[in-house]
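Note sheet for the following structure.
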Ligand SMILES: Cc1cc2nc3c(=O)[nH]c(=O)nc-3n(C[C@H](O)[C@H](O)[C@H](O)COP(=O)(O)OP(=O)(O)OC[C@H]3O[C@@H](n4cnc5c(N)ncnc54)[C@H](O)[C@@H]3O)c2cc1C
Ligand code: HEM
Ligand code: SF4
Ligand code: FES
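This is how it looks when you write it as structure tokens:
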């Protein structure tokens, strides 16, 4: 199968306009007859569902939480980027496009990335109109700040709760359309399988999480907006329920999975403190503006941080990256931390952290200034760790955070299954091999609000002529039966180990071999380990309770079963890509002083994997750079 | 749009409650006459009582007062019943004193105590003075009904003294929470203003409850 | 660390529940409260018992999905935090910890510690939004919003919809939750056109859902993880009256 990314003609600036001019329109009377399923109520899902409903389509929207308002977009703290150039500091759509493309280490499409930048400004207008209380100046205009590795101030924010405010705006809009009876909302409903009829996506199988009932839903088109899958590492900044099941099932039904191994590891999370730990909390990256990162120069140093004299401290980021220092981009900062920790210089009870020290900043700027800047973060730190960071350095550690990879989509956000779309974090589109801070709220939002509602017509116009199948269709029967078999199987193993046990094991393997730095031997070993783990899971897991009731243990088990298969694909992808780019760092491909070596001649493509009976087949979407020349990312 | 039943009831409770609070000020200042030496107190108090009974304006106010007490009680009852229904199952363990005051959690109970007080209080005075039931009340030197004497004899019964005094405690509690709460119910939300209103409520409640509470004792000791 | 949990177990909406006791060993102070329950659940699985159902998602205090009554307090012994932010170091070795679901007629128990809070969504549905279609917005800086207005809108917009206010309230009043959203939107210029309608419809729905009335006990603002002030309820009343009189 040849991958057609459907990039429109013309100059970069004109592509989206050209696309829209040529796109098909559907008249309002006909839109009413068309039915769209949106799985996910995060920024991308809620935005898409609300906007499609406003346009006149009938929408059914699903989420696994008890309310649409809890999708994990809610957790984003830092902000959202937009090329408004309000600060008059030389920002422009082009510059934002370039920063994003370069930030992603030239592993994304020019046209998509440009569109991301282009649509960012109207998105801010949109959210302000929806009542998002973005930070403002005394004069009443919007404020911006700078974020992660760019030189302009283009980030809009609402205190430390930007994601929450954007999501609540999308949720409000969704509920407005629910009231208008254009959207039907199904919370506590988890998509367990996709139904493909005659090669087209036509329905989903959903498990009602309260009653355990399996239900069938049919539609003319299906939109997946199920967010990131970094919970495959178990310990991550994601919510406990975040899963890859929906996209994984879609993958198994024919949707290609692009760049599955591109995972962003965030450098400033709180370290794991016990085996029982369930998640890692993110501490805003802004802390790196004033905090200095260090580890002791002596291995296994057991002294308290404050007892270690200045000359026995290794400020390794400042040492290695004199010009960016503590502000080096996420992937670089994470990797450098891992390098020190692995070499035995880690601190904290489990020796898995590095210090983020504010003493110098406090001495220089005074404690009040630091309080003004970070009081809520220091408060949060204290809540979780019980430690007063004004007195001793914070302990931070890298954590799995964002999935750049996801279902392969074309310019229209359609996957390789006709009628199946993927929006938001669950697709692979704009971020390449590394995502810039504050760009993903943006991507999730514009996918849902602006792009999908304009591209889905092209497909739906054709669907008008077709008869919509009923849920009695044989494919529905088949899919539901398969799901039932899996559920029964999990419940009947009655083994000796808990689901969490297997998830912890999977997490350890993935974290060790498929996170910040990877190598051939490790990845090959990891694939074998996961396969063994998978076999063990299917013969020795124990899940109590039944399938016909609210059963949180069963939910976990089903998600984990998919994560294990996904883990294998992630390792396979990482193994295949013999270069270092963005967040993907292959130890074999580095310079003498440990910097990434990108191999454009061989790897300037997006890997898109086809599922093939437990195996995976690689397809390549070659990346063509018409308008910019890939350069080497250097932060020295 | 239909009126929100709960808001309506709450507004009535607050409005009537505030009026009752005003009434209490007037009532208390007049009753402090009882603290004066007997010679001056008796005549002054009796003529005041007469005015209360005969002045048309004050009479009409008193009807409003009765109506308001009834309204306040009825709506308080309704809202308390509704609120109980909204929380049919209680917690096995509930440490509500860590997040709120006992008073605020028990306004219904406290109100019922006050109601009991009001009933007894009306039986002691209103029934006798206004309805002329029970023992005949003599006239004083100027020819006013000797209400002072009614009070005087009542408060020489130690049980009544204790009853009247003790029940000023729930009144004080009710007023302390009720007054500041009424401001909020009526839509006053200025932050600093509310802090002041909380202080005013406390001072008001202390003055009213102690103010009334000392009267029986004083009279008893006369 | 060793504690005794006393936990409300209830099969489903239609059955009666009861407190059950579990002695749990092997906990550490660093564990979060929910991780301690996770640990207990693993033990239950190995003993072939059904796990205890409780809710959570983000586990960082922002999604609002977690929330149980712990030792007589909504979200546990501290003020202004969520259940997922509570750690075992807040308890002592040997403590007994009583865990109950949110109690309110409008929050029926679905199972064990899980309640149905969809009443909140239905309140939001009745006007917790600004009617503006995607694509119709004016330029963001065209309408200036003074910093104080925007900041105070943010104070209330921060509500995470956890339901602790209802849970702790003796009347199961949703006034704090509803007022937070009403004041957020009604105080912004974008929300003005629908202000009167919004306050009436949202509060009406609140009544239909069977929530109680506010007695200003103040418990809600102490338990609210976002520290939303109770003065918002007074402000909502003011807006309601204004809407009735002039709306
Ligand atoms: C801690 C944290 C901080 C972040 N900070 C920032 C930031 O400052 N700036 C920035 O730009 N980005 C940030 N990000 C990234 C950004 O928040 C996400 O990429 C983005 O919000 C994803 O939105 P989404 O709509 O794709 O998915 P989500 O918001 O994750 O929504 C997924 C939806 O899918 C549903 N779902 C999932 N699986 C199923 C299933 N099987 N069946 C049914 N429904 C399902 C869920 O219920 C949910 O409704 C952060 C991410 C994290 C984790
Ligand atoms: C001197 C007599 C009384 C005065 C001055 C008074 C005053 C008040 C005031 C000011 C309030 C506050 C209203 C609000 O919260 O907005 C109030 C509330 C209340 N009153 Fe009274 N009151 C009196 C007698 C009573 C009686 C006799 C009852 C008997 C049942 C009662 C029951 C209540 C209750 C239950 C409330 C609280 C309602 C709620 O839960 O919010 N009160 N009162
Ligand atoms: S007002 Fe506070 S306590 Fe109530 S739902 Fe919102 S965040 Fe939770
Ligand atoms: S789990 Fe999200 S707030 Fe506690």
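Protein chains in written order, with our numbering: chain R, 590 to 1225; chain W, 12 to 233; chain L, 207 to 453.
Using N, Cα and C, we set each Cβ at its ideal position, and we do this for glycine too.
All figures in this text were calculated on a predicted structure; none of them were measured in a lab.
Under 7 Å from any heavy atom of ligand 3, does the C-beta of residue 365 of chain L make it? yes
Under a three-way DSSP split, which group does residue 229 of chain W fall into? Note: residue 229 of chain W maps to helix in three-state DSSP.
Which residue from R:608, R:671, R:981 puts its Cα closest to that of residue 1026 of chain R? R:671
Ordered list of alpha helix (DSSP H) runs contained in the stretch 691-757 of chain R, each at least 4 residues: 699-707, 709-718
Since residue 434 of chain L and residue 355 of chain L should fall inside the 8 Å C-beta cutoff, what is the C-beta to C-beta distance between them, to a whole number of angstroms? The distance from the Cβ of residue 434 of chain L to that of residue 355 of chain L is about 17 Å, inconsistent with a contact at the 8 Å cut-off.
Could you check which residue in R:939, R:724, R:1043, R:635 has the C-alpha nearest to that of residue 644 of chain R? R:1043
According to DSSP, is residue 675 of chain R part of a helix, a strand, or is it coil? Of the three classes helix, strand and coil, the one that applies to residue 675 of chain R here is coil, per DSSP.
Interface partners of residue 225 of chain L on chain R, CB under 7 Å: Ordered by position in chain R, no residue passes the 7 Å Cβ test against residue 225 of chain L, which lies about 19 Å from the chain.
Is any heavy atom of ligand 4 found at a distance shorter than 7 Å from the C-beta of residue 753 of chain R? no
Boundaries of the beta strand (DSSP E) in which residue 938 of chain R is found, first to last residue: That residue, residue 938 of chain R, is in no beta strand (DSSP E); it is neither H nor E in DSSP.
For residue 940 of chain R, which residues in the same chain have their Cβ closer than 8 Å to its Cβ, ignoring the five residues on either side in sequence? 889, 930, 933
Can you find the residues in the same chain that come closer than 6 Å, C-beta to C-beta, to residue 1117 of chain R, ignoring five residues on each side of it along the sequence? none
Is the Cβ of residue 174 of chain W closer than 8 Å to any Cβ of chain L? no
For residue 830 of chain R, return the contacting residues in chain L, with the cut-off set at a CB-CB distance below 7 Å. 263
Cα-Cα separation, residue 256 of chain L to residue 1141 of chain R: Going from the Cα of residue 256 of chain L to the Cα of residue 1141 of chain R covers about 10 Å.
In chain L, what lies closer than 9 Å to residue 918 of chain R by C-beta? What residue 918 of chain R touches in chain L: nothing, since even the nearest Cβ is about 23 Å away.
Quick check on the burial criterion: 16 or more other C-beta atoms within 10 angstroms. Buried or exposed for residue 307 of chain L? buried
In the DSSP assignment, what are the bridge partners of residue 379 of chain L? Answer is L:418, bridged to residue 379 of chain L.
If you draw a straight line from the alpha carbon of residue 789 of chain R to that of residue 1063 of chain R, how long is it in whole angstroms? 14 Å
Among L:209, L:254, L:389, L:224, which one has its Cα closest to the Cα of residue 243 of chain L? L:209
Which chain W residues are close to residue 422 of chain L, counting only those with a beta carbon under 8 Å from its beta carbon? In chain order: 115, 188, 191, 192, 195, 196.
Within 10 Å of its beta-carbon, does residue 205 of chain L have 16 or more other beta-carbons around it, so buried, or fewer, so exposed? Outside the shown range of chain L (207 to 453) lies residue 205 of chain L, about which nothing can therefore be said.
Start and end residues, beta strand (DSSP E) containing residue 624 of chain R: 624-628
May I have a chain-ordered list of the alpha helix (DSSP H) segments no shorter than 4 residues that lie completely inside the stretch 1025-1067 of chain R? Complete alpha helix (DSSP H) runs here, min 4: 1029-1035, 1041-1052.
Tell me whether residue 660 of chain R counts as near ligand 1, meaning its Cβ is closer than 7 Å to at least one heavy atom of that ligand. Yes, ligand 1 has a heavy atom inside 7 Å of this Cβ.
Would residue 235 of chain L count as contacting chain W if we go by Cβ distances under 8 Å? no
Segments of 4+ residues assigned as alpha helix (DSSP H) that fall wholly inside the stretch 341-380 of chain L: 353-363, 370-374
Could you pull the DSSP bridge partners for residue 670 of chain R from this structure? Assignment of beta-bridge partners to residue 670 of chain R by DSSP yields R:744.
What number of angstroms, rounded off, separates the C-alpha of residue 1108 of chain R from the C-alpha of residue 1177 of chain R? 7 Å
Can you find a heavy atom of ligand 1 that lies under 7 Å from the Cβ of residue 991 of chain R? yes
Please confirm whether any heavy atom of ligand 4 lies closer than 7 Å to the CB of residue 262 of chain L. yes
Any heavy atom of ligand 1 closer than 7 Å to the beta-carbon of residue 780 of chain R? yes
Pick out whichever of R:769, R:1052, R:881, R:1147 has its Cα sitting closest to the Cα of residue 1074 of chain R. R:1147
Could you give the first and the last residue of the continuous beta strand (DSSP E) run that contains residue 316 of chain L? In the DSSP annotation of this structure, the continuous segment of the beta strand (DSSP E) that includes residue 316 of chain L starts and ends at 315-317.
In whole angstroms, give me the CA-to-CA distance for residue 430 of chain L and residue 99 of chain W. 22 Å
Run down chain L in chain order and give the residues with a C-beta less than 8 Å from the C-beta of residue 867 of chain R. 238, 240, 241, 244, 265
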